[in-house]
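> Protein chains in written order, with this note's numbering: chain A, 1285 to 1737; chain B, 1285 to 1737. Glycine included, C-beta positions come from ideal geometry on N, C-alpha and C. For clarity, every value in this text was computed on a predicted model and none was experimentally measured. Below is the structure I would like to discuss, written out as structure tokens.
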């Protein structure tokens, strides 16, 4: 199937950008190879729901193969891309060189710890299903360990949870954690009271949701406080140790620390040889190609592009989706210049990508959200309904939409969380069980250290 | 809450036996402590559905705490029990000694490798959610690696999958794997054809489902063969190496080997000091207590008890459920002799546990099953409907029932599998990714070794 006759498009990454590029190209006379290191697309906007036990991983993911299986000209390869040779026009992956005529790099971003990579083990971020499961495990284990400690008569001080970063992910995490403590977990423990748990949200800037208009930032703050979240602004994290987080002289015990503060683009961006910005994003041309290589495109969170007003396009799904479709159209248009040579096609008149911002939505908790559609700003229940509608609508797969809707309806009316499952290591301190993973056991020692402080 | 006033019942294990004992005792004037090393109850009869990507872990589990939260006299402790002191009447767990007046041990069973524990890493069994996710990962990864190999032009020989053990679990796994290859995965790959996959079911005895009447065993064999499963009977596994399984002189390459052959009772049985049988099951008295300790009961898969005809009661959920309720009733009755001393209560006239077998059901695949209700034997679609009805009905939690029903309806009409998610290690050979766990990377080397043979 590695058809040598047709124009071959290789797409690296099956996030929103890559998948939309593939779908838009699938009816063109091209052969497409989609390469991803995972076998599934993750609906990242709902990852925080997996981290907070509201949804199961299978409900916000879909196998890349099955999303694309109806397109016979699309081949999916589960492999980690290790580099490129732009002169030979090949992608290096799985000890192979995979040839392309057009290349779309949509490898996304991960979290950044601002030079403190050692914090990652102590304060996990939220970019993958594995991250979400690790966060879920830590949060639920912290309560189990606290209960055990209180059962043994060793005191029942309330737990501290700290979320670092007041952007949309941090706000979602903090808001949802606060709700869980006050509702879903409230009646399940006998020796501790989860309602007494402190949820701290630490933001370096002056406002939570700093990218939003100030009235919505303020509304988000109020909605968070109503949920019981203790918001600390203008505070920079200077140190993270097991069970302790420091902001300058201020030290805080924390059973669980979650990181939602920084974003770093995939290291693949730097392997393209094009200029990158401080976050590792590739500085693309107006048509999303890289300088000197009109056949190589970078889209989504990995691309750095400014809009007309000079503002950097945000790393959100709508931007990636539109960029994917734009690049697909560009390649299709070049293909239509069928008689022309490859060189002539690539030098066809350039068009620039324009992003039309339809609005932004951030959720805070049950029936709490903020939304901006142009000049219209909404908060609270109506914003939450809009958020719910948009997220269920765009979730991949009809089956997933139905399942997620049921889960939400169930959670909404019962306050229950359906996926409160601790999997992986059960190697708690004092247990004689198997040591089934270092990451797990380290986490437990940290949590245990924190809980026992 | 470790109330010293009320009669204290400690229940070890929150499987079918332990949960039913707790529920039946919850309205009695006792204090109950349920100890389990997991935070969730697992609906084991549907574990094979998680292993074969049909259901998500969250759909067949429920937090033990939330199942029991409405009973204020029940305390749940997530901890691994390490031993007992029957003279002091304490359970040792989490570096504590937990006192009891009555003890119910329902710690269940795991898989046994007949003295070949080194096979476990090569041929995982299916007893926990973690096992199911590991099997799912291996099966899906095998196809991804085969596709990658074929994409690179290194051949596309069909894969071999081997399931060891022709009991209900082995039959379910083999049948469902065969269906997945022929339907759910059939159109997702471009370089390999999953329909060509060989599924081998290896059984040591003469028949699959040996515990069933012969006509149903024969029907199960036919239904398996119709699904394309290659059944090998009277074959004993003598060796398992990475990617190769041997039955005497016969060697077979295998991309994935699954173990459904032996059962070993929890090692906690032996720590009770009572006689155990070869599988480690505790030989209990007729009232499920252990000799010399009328206040200590063993139930479920951990108990060895014969029925009137001298046949060992099978290790299935209905037996465990009825045993749990029986023991709860026994304790309640002893409580009613309120004025009497503890010694008098324990020596109250004994009643014996009787198991009334309502029937057995084993599923083989989509619309394929066998069922026995006394003298009535059914096969095929009707047996499958009965199986479906019983399993959805007994699934814990209304929400889970709805979700599982939707998943099944979806799978039935579309042949899709909703939870085809590879999580955990993505450390494939030739990848530069993180080494995120030894178990994962070993598995991949084995699979890779097998696929590249």
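#1: Let me make sure I understand the geometry here. Which of B/1588, B/1641, B/1426 has the alpha-carbon closest to that of residue 1255 of chain B?
#2: With a threshold of 9 Å between beta-carbons, can residue 1671 of chain B be considered close to chain A, or not?
#3: Does residue 1347 of chain B come within less than 9 Å of chain A when only Cβ atoms are used?
#4: Cβ of residue 1387 of chain A within 9 Å of Cβ of residue 1348 of chain A?
#5: Under three-state DSSP, which class holds residue 1444 of chain B?
#6: Can you check which of these residues, B/1693, B/1314, B/1389, B/1562, is closest to residue 1355 of chain B by C-alpha distance?
#7: Sort B/1343, B/1515, B/1551, B/1549 by Cα distance to residue 1486 of chain B and report the nearest one.
#8: Taking C-beta pairs closer than 9 Å, name the residues in chain B that residue 1446 of chain A reaches, listed in chain order.
#9: Sorted by chain position, which residues of the same chain lie with C-beta nearer than 8 Å to residue 1494 of chain B's C-beta, five sequence neighbours on each side aside?
#10: Counting only runs of 3+ residues fully inside the stretch 1292-1333 of chain A, write out the beta strand (DSSP E) ranges in chain order.
#11: What are the boundary residues of the alpha helix (DSSP H) that includes residue 1537 of chain B?
#12: Please classify residue 1290 of chain B: does DSSP put it in a helix, a strand, or coil?
#13: In its own chain, which residues sit with a C-beta less than 8 Å from the C-beta of residue 1290 of chain A, not counting the 5 before and 5 after it?
#14: Starting from residue 1647 of chain B and walking both ways along the beta strand (DSSP E), at which residues does that stretch end?
#15: Measure the C-alpha to C-alpha separation of residue 1321 of chain B and residue 1394 of chain B and round it to an integer number of angstroms.
#16: When you compare the stretch 1325-1334 of chain A with the stretch 1368-1384 of chain A, are there three or more beta-carbon pairs, one atom per stretch, that lie closer than 8 Å?
#17: With a threshold of 9 Å between beta carbons, is residue 1706 of chain B in contact with chain A?
#18: Where does residue 1556 of chain A land, buried or exposed, given buried means 16+ other C-beta within 10 angstroms?
#19: What in chain B is Cβ-close to residue 1471 of chain A, meaning under 7 Å?
#20: Kindly identify the DSSP beta-bridge partner or partners of residue 1388 of chain A.
#21: State the Cα-Cα distance for the pair residue 1680 of chain A and residue 1328 of chain A, rounded to the nearest angstrom.
#22: Residue 1591 of chain B by DSSP, collapsed to three states: which one?
#23: Whole-angstrom Cβ separation of residue 1413 of chain A and residue 1345 of chain A, contact assumed at under 8 Å?
#24: Does the structure place the stretch 1558-1565 of chain B close enough to the stretch 1577-1595 of chain B that three or more beta carbon pairs sit under 8 Å?
#25: With a cut-off of 8 Å, do at least 3 Cβ pairs link the stretch 1422-1439 of chain B to the stretch 1656-1670 of chain B?
#26: Buried or exposed, going by whether 16 or more other CB atoms sit within 10 Å of the CB of residue 1572 of chain A?
#27: Contact criterion: CB-CB distance below 9 Å. Does residue 1318 of chain A meet it with respect to chain B?
#28: Quick one, which residues of the stretch 1673-1699 of chain A are near chain B if we go by CB-CB under 7 Å, in chain order?
#29: Flag this pair as touching only if the stretch 1685-1697 of chain B and the stretch 1534-1544 of chain B have three or more C-beta atom pairs under 8 Å; answer yes or no.
#30: Out of A/1649, A/1644, A/1608, state which residue places its alpha-carbon closest to the alpha-carbon of residue 1391 of chain A.
#31: Jot down the residue ranges of each uninterrupted beta strand (DSSP E) in the stretch 1332-1403 of chain B, minimum 3 residues, whole runs only, in chain order.
#32: So with Cβ pairs under 9 Å, would you call residue 1474 of chain B a contact of chain A?
#33: Would you mind giving the Cβ-Cβ distance between residue 1531 of chain B and residue 1521 of chain B, rounded to the nearest angstrom? I have them listed as a contact below 8 Å.
#34: For the stretch 1391-1416 of chain B, list every residue whose C-beta sits within 8 Å of some C-beta in chain D, in sequence order.
#35: With 9 Å as the C-beta to C-beta threshold (strictly closer), list the residues of the stretch 1326-1344 of chain A near chain B in chain order.
#36: In the DSSP assignment, what are the bridge partners of residue 1663 of chain A?
Taking the structure as given:
#1: Summary: the structure shown does not reach residue 1255 of chain B, with chain B confined to residues 1285 through 1737, and so no result is reported for it.
#2: no
#3: yes
#4: no
#5: strand
#6: B/1314
#7: B/1515
#8: None at all; the shortest Cβ gap to chain B is about 23 Å.
#9: 1450, 1451, 1487, 1501
#10: 1314-1320, 1324-1326
#11: Per DSSP, residue 1537 of chain B belongs to no alpha helix (DSSP H); it is in the beta strand (DSSP E), 1534-1537.
#12: coil
#13: 1313, 1314, 1315, 1357
#14: From DSSP, the beta strand (DSSP E) with residue 1647 of chain B extends over 1644-1649.
#15: Cα to Cα, residue 1321 of chain B sits roughly 14 Å from residue 1394 of chain B.
#16: no
#17: By the rule that beta-carbons nearer than 9 Å mark a contact, residue 1706 of chain B touches chain A.
#18: Here residue 1556 of chain A is buried, its C-beta having at least 16 other C-beta atoms within 10 Å.
#19: 1353
#20: Looking at the DSSP assignment, residue 1388 of chain A forms a beta bridge with A/1295, A/1581.
#21: 11 Å
#22: coil
#23: 6 Å
#24: yes
#25: no
#26: buried
#27: no
#28: 1683, 1686, 1687, 1690, 1694
#29: Output reads no: the stretch 1534-1544 of chain B does not touch the stretch 1685-1697 of chain B.
#30: A/1608
#31: 1345-1347, 1358-1362, 1365-1369, 1374-1377, 1380-1383, 1386-1389, 1393-1395
#32: yes
#33: 6 Å
#34: The structure shown contains no chain D; its protein chains are A and B.
#35: Residues passing the 9 Å Cβ filter: 1337, 1339, 1340, 1341, 1342, 1343.
#36: A/1654.
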